[in-house]
DNA sequence: GAGGGGAGCGCG
DNA sequence: AAAGCGCGCTCCCCTC
């Protein structure tokens, strides 16, 4: 069966080519060419042209009123999609370096959207796993597959991670099956097992859908709204899309609220105490700083604390910090 | 030559 | 890819 684009053309999307690559040589070469040309045309060729003549740096523009959920967006250049997932891509990230005497410090919230889901749902099992400081994907795998924490294998953890991410996006069993390359029934079994173990999450999903249908909008913990005009659409696909947004927006949006609060409190600290710190980038759940190398440990501790204190949920916020001469090393 | 839309793909 | 949320950029094709 040849997969089609919405306009009816045969699709050559990555996922399709990946599948075809099992049987043929050509799709593999096409994919390799595409990934390399993406890196070259978007980053390697372009970023050097965007260096400011006066400062010798690239300066992005952040936009506050673009993303529906309250995230920032970044343009000219977009510094929120610098490669990290492949070895080749990371070489681009390595080009982002600190000036002499400074290092880069990257501080990112750990599992912030899942923590927000735990808080919003008040699900006992999920809140407990975070309070105990467990590896949440491992904990989910243990529950869903009925194993002890120590008996969870890499494959079970991988599946649990896909389930956890899928939930944040309002994914169905169909989507999970596709993601994990398993049958629909098996995927449905996983979803059922999940909701049996985390009933609070199921109640949260039902509640938010119902609330959105009644009010026509959803809110973050801090009260920023997203209106959903299609939440009661007669067209089932449109309505379901709005329902997925209703589920996702409070989590993605609350995470955006929290990091903005953190940025304000870090800014106030910098203004008042004049530490050897510059806040230079935001990437959704991560802040990047230039820090005087002699003060790294102390500055890293303070920043970590300020970010953790940006919101008080039913469970702790955790921030991972790393440092290095370049942005890749800092991770 | 400018502008728009689709396809594809980089990130969280 | 209809079926998983939110973005921006490049390339290509098309229209005006």
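Residue numbers (the working numbering): 22 to 352.
Glycine included, each C-beta is placed from N, C-alpha and C at the ideal position.
Everything numeric in this text was worked out from a predicted model, so none of it was measured.
Cβ neighbours of residue 246 within its own chain (closer than 8 Å, five residues either side excluded): 238, 239, 240.
For the 9 Å CB-CB criterion, residue 190 and residue 113 do not form a contact. Its chain contains 218 as the residues whose beta carbon lies nearer than 6 Å to that of residue 164, once the 5 sequence neighbours on both sides are disregarded; these appear in chain order. A Cβ-Cβ contact shorter than 9 Å links residue 125 with residue 345. By alpha-carbon distance to residue 235, the top candidate from 224, 278, 249, 222 is 249. Going by C-alpha positions, residue 95 is about 42 Å away from residue 172. For residue 187, the enclosing alpha helix (DSSP H) starts and ends at 175-189.
Sequence-distant partners of residue 304 (beyond 5 residues in either direction) whose C-beta falls short of 6 Å from its own C-beta, in its chain, are 101. If you draw a 10 Å sphere on the C-beta of residue 326, you find fewer than 16 other C-beta atoms in it, and that means exposed.
Here residue 158 is buried: its Cβ has 16 or more other Cβ atoms, across all protein chains shown, within 10 Å. Spanning the alpha carbons of residue 205 and residue 196 requires a straight line of approximately 9 Å. Remark: C-beta atoms of residue 133 and residue 301 do not approach each other more closely than 9 Å.
For residue 261, the closest of 288, 229, 291, 340 by C-alpha to C-alpha distance is 229. Here residue 285 is exposed. Its C-beta has fewer than 16 other C-beta atoms within 10 Å.
Residue 121 has its alpha-carbon roughly 20 Å from the corresponding atom of residue 69.
Non-local beta-carbon contacts of residue 168 in its own chain, meaning distances under 8 Å to residues more than five positions away in sequence, involve 162, 177 in chain order. Residue 269 counts as buried, since at least 16 other C-beta atoms from the protein chains shown sit within 10 angstroms of its C-beta.
Taken through DSSP and simplified to helix, strand or coil, residue 310 comes out as strand. Going by C-alpha positions, residue 194 is about 12 Å away from residue 216. Comparing alpha-carbon positions, the option among 35, 307, 350, 319 lying closest to residue 339 turns out to be 307.
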